[in-house]
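Enquirer:
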Amino acid sequence: MAKCADSNPPTTLTTVDPFEGNEYNDLRLMSESALSRASQVSEKASSFFTETMEHWDPDTFTANLQTATDDDVEGISHLPGFKVTPEGDVEYKSPMTSSAKALIFVGVLLALLLVAFLIFAILAYTGHIHIPGLDATMLCNIEKWAGVALCGFSVAYLLFASGFAAGQKSGRSDSESKAEALTSMKRCNLRKTASDQAKIMKKLVKAHTKVQVEVSTLASAAVNFSVMNKSDAIENAKSARESQEIKAHIDRLEAENKALKSRLTGAGKQLQDLLSSAGTKTKEELVGNLNDVRL
27 MAKCADSNPP TTLTTVDPFE GNEYNDLRLM SESALSRASQ VSEKASSFFT ETMEHWDPDT
87 FTANLQTATD DDVEGISHLP GFKVTPEGDV EYKSPMTSSA KALIFVGVLL ALLLVAFLIF
147 AILAYTGHIH IPGLDATMLC NIEKWAGVAL CGFSVAYLLF ASGFAAGQKS GRSDSESKAE
207 ALTSMKRCNL RKTASDQAKI MKKLVKAHTK VQVEVSTLAS AAVNFSVMNK SDAIENAKSA
267 RESQEIKAHI DRLEAENKAL KSRLTGAGKQ LQDLLSSAGT KTKEELVGNL NDVRL
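Counting from 27, one number per residue, gives the positions in the sequence shown under this note's numbering.
(1) Residue 128 and residue 191: beta carbons closer than 9 Å?
(2) When DSSP labels each residue in this structure, what does residue 153 get in the three-state scheme?
(3) I think residue 143 touches residue 178, with their Cβ atoms under 8 Å apart; what is that distance to the nearest whole Å?
(4) Would you check if the distance between the CB atom of residue 165 and the CB atom of residue 150 is smaller than 9 Å?
(5) Would a C-beta distance cut-off of 9 Å place residue 187 and residue 133 closer than the cut-off?
(6) For residue 175, collect the residues of the same chain with a Cβ closer than 8 Å to its Cβ; drop the 5 residues on either side in sequence, then sort them by chain order.
(7) In whole angstroms, what separates the C-alpha of residue 290 from that of residue 296?
(8) Nearest-angstrom Cα distance between residue 169 and residue 184?
(9) Can you round the beta-carbon distance between residue 180 and residue 135 to whole angstroms, since I take them to be within the 8 Å contact cut?
(10) In whole angstroms, what separates the C-alpha of residue 283 from that of residue 271?
(11) For residue 48, name the three-state secondary structure that DSSP assigns.
(12) Let me know if residue 247 comes out buried or exposed under the rule of 16 or more other beta-carbons within 10 Å of its beta-carbon.
(13) In angstroms, rounded to a whole number, what distance separates the CA positions of residue 237 and residue 243?
(14) Could you tell me the alpha carbon to alpha carbon distance between residue 230 and residue 213, rounded to whole angstroms?
(15) Just how far apart, CA to CA, sit residue 208 and residue 215?
(16) Less than 8 Å between the CB atoms is what I'm expecting for residue 155 and residue 146, so what's the real figure, rounded?
(17) Is residue 160 helix, strand or coil by DSSP?
(18) What is the DSSP secondary structure of residue 243, reduced to helix, strand or coil?
(19) Taking all protein chains shown into account, do 16 or more other C-beta atoms lie within 10 angstroms of the C-beta of residue 141, making it buried, or fewer, making it exposed?
(20) Can a CB atom of chain C be found closer than 9 Å to the CB of residue 248?
(21) Going straight from the alpha carbon of residue 241 to that of residue 250, what length do you get?
(22) Measure the alpha-carbon distance for residue 160 versus residue 148 and round it to whole angstroms.
(23) Taking the alpha-carbon positions, what's the residue 279 to residue 287 distance?
(24) Can you grab the Cα-Cα spacing for the pair residue 232 / residue 123, in whole Å?
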């Protein structure tokens, strides 16, 4: 009996990458992106706050504001009437006005005129000065009335200058008092601003701590999300692999069944050919052998 060729096709098993496919890639990229964003937020927050927190001192605000104030003071010191002491205090004295300068100039000229008149009177009295056309009596009368007029004008001018100086001093004192009050107020504002800045900084530190906690929570959630996505992807990959293995096994069984049917069909044809060509005795022997095989 001729043998029928084995027509069973070879079966191949395909492996599935658990992170293959758009769905799994999207999940993986989403997890990695969440972790990356959490890390960036943490780094930016840390660089913005903690780097300056290491050497942070509440007096820093006072120093910064004092520096700005010193710059303002330096600009003020060039203005007339303002003076900066070695201790850093600002003093204000009203500058001399043009009218005061004019009064001083006239007063100096008047004093020089009085001195010159006294010298002239003494020299004329001692006879060292002689004016042609004027005798001693006339010269004495001129000196007397000129001296009276000059002394009267000097007294009047002295009273006027004294009143002007008193008024200017009063106004200067008032201006200096206002300047001192403004300086004291600015110092109080500076200290208050520094205190407010320190309070704001403390609140900022607390806010930064909360941000760091939220960032840590976000990072943990992103890690858990990534792990869950990987677990689901692995389970789906296992299910897909098992489904493909079952399908391949079914295909192999169908191929074997088909090959077996083909072999049985060929054997039946060969048996019919043998029966048709064999004699009666041979047929009876074959039927007996088949019956023995069935039993």
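We treat Cβ as the ideally placed atom computed from N, Cα and C, and that holds for glycine.
Keep in mind it's a predicted model, so treat the numbers as computed, not measured.
Expert: On the basis of the coordinates in this document:
(1) Here residue 128 corresponds to residue number 102 of the sequence shown, with the count starting at 1. Here residue 191 corresponds to residue number 165 of the sequence shown, with the count starting at 1. No Cβ-Cβ contact shorter than 9 Å links residue 128 with residue 191.
(2) Looking up residue 153 in the sequence shown gives position 127. In the structure shown, residue 153 falls within a coil segment according to DSSP collapsed to helix, strand and coil.
(3) Along the sequence shown, read from residue 1 onward, the residue named residue 143 stands at position 117. Along the sequence shown, read from residue 1 onward, the residue named residue 178 stands at position 152. About 13 Å separates the beta carbon of residue 143 from that of residue 178, a gap too long to meet the 8 Å contact definition.
(4) Residue 165 sits at position 139 when you count from the first residue of the sequence shown. Residue 150 sits at position 124 when you count from the first residue of the sequence shown. Yes.
(5) Within the sequence shown, numbered from 1, the residue matching residue 187 stands at position 161. Within the sequence shown, numbered from 1, the residue matching residue 133 stands at position 107. Closer than 9 Å, so yes.
(6) For the purposes of this step, residue 175 is taken as residue 149 along the sequence shown, with counting starting at 1. Nothing meets the Cβ criterion.
(7) Counting from 1 along the sequence shown, the entry for residue 290 is found at position 264. Counting from 1 along the sequence shown, the entry for residue 296 is found at position 270. C-alpha separation (whole angstroms): 10 Å.
(8) Translated into the one-based positions of the sequence shown, residue 169 becomes position 143. Translated into the one-based positions of the sequence shown, residue 184 becomes position 158. Roughly 22 Å separates the two Cα atoms.
(9) Taking the first residue of the sequence shown as 1, we reach residue 180 at position 154. Taking the first residue of the sequence shown as 1, we reach residue 135 at position 109. In fact, because the Cβ distance is near 11 Å, the residues do not count as touching under 8 Å.
(10) Residue numbering aside, residue 283 sits at position 257 when the sequence shown is read from its first letter. Residue numbering aside, residue 271 sits at position 245 when the sequence shown is read from its first letter. Going from the Cα of residue 283 to the Cα of residue 271 covers about 18 Å.
(11) Translated into the one-based positions of the sequence shown, residue 48 becomes position 22. Unreliable positioning characterises residue 48 in this predicted model, as indicated by a pLDDT of 48, which lies under 50. The coordinate reading is nonetheless provided below. The three-state reading of DSSP puts residue 48 in helix, counting H, G and I together.
(12) Stepping through the sequence shown from its first residue, residue 247 is reached at position 221. Taking every protein chain shown into account, the CB of residue 247 has fewer than 16 other CB atoms within 10 angstroms, so this residue is exposed.
(13) By one-based count along the sequence shown, residue 237 stands at place 211. By one-based count along the sequence shown, residue 243 stands at place 217. Answer to the nearest angstrom: the Cα atoms are 10 Å apart.
(14) Within the sequence shown, residue 230 is the residue found at index 204, counting from 1. Within the sequence shown, residue 213 is the residue found at index 187, counting from 1. Their backbone Cα atoms lie some 25 Å apart in a straight line.
(15) Looking up residue 208 in the sequence shown gives position 182. Looking up residue 215 in the sequence shown gives position 189. The straight-line gap from Cα to Cα measures roughly 10 Å.
(16) One-based indexing of the sequence shown puts residue 155 at position 129. One-based indexing of the sequence shown puts residue 146 at position 120. Confirmed, about 7 Å.
(17) As a working mapping, residue 160 is identified with position 134 in the sequence shown. Note: residue 160 maps to coil in three-state DSSP.
(18) As a position in the sequence shown, residue 243 is number 217, starting the count at 1. Secondary structure at residue 243: helix, using DSSP grouped into helix, strand and coil.
(19) Along the sequence shown, read from residue 1 onward, the residue named residue 141 stands at position 115. Residue 141 comes out exposed.
(20) Absent from the structure is chain C; it holds one protein chain and no more.
(21) Position 215 of the sequence shown, counted from the first residue, corresponds to residue 241. Position 224 of the sequence shown, counted from the first residue, corresponds to residue 250. Rounded to the nearest angstrom, the two C-alpha atoms are 14 Å apart.
(22) For this step, residue 160 is matched to residue 134 along the sequence shown. For this step, residue 148 is matched to residue 122 along the sequence shown. Per the coordinates, the alpha-carbon of residue 160 lies some 17 Å from the alpha-carbon of residue 148.
(23) Within the sequence shown, the letter at position 253 stands for residue 279. Within the sequence shown, the letter at position 261 stands for residue 287. When rounded, the distance between both Cα atoms is 12 Å.
(24) Here residue 232 refers to the residue found at position 206 when the sequence shown is read from its first residue. Here residue 123 refers to the residue found at position 97 when the sequence shown is read from its first residue. For residue 232 and residue 123, the gap between their C-alpha atoms comes out near 57 Å.
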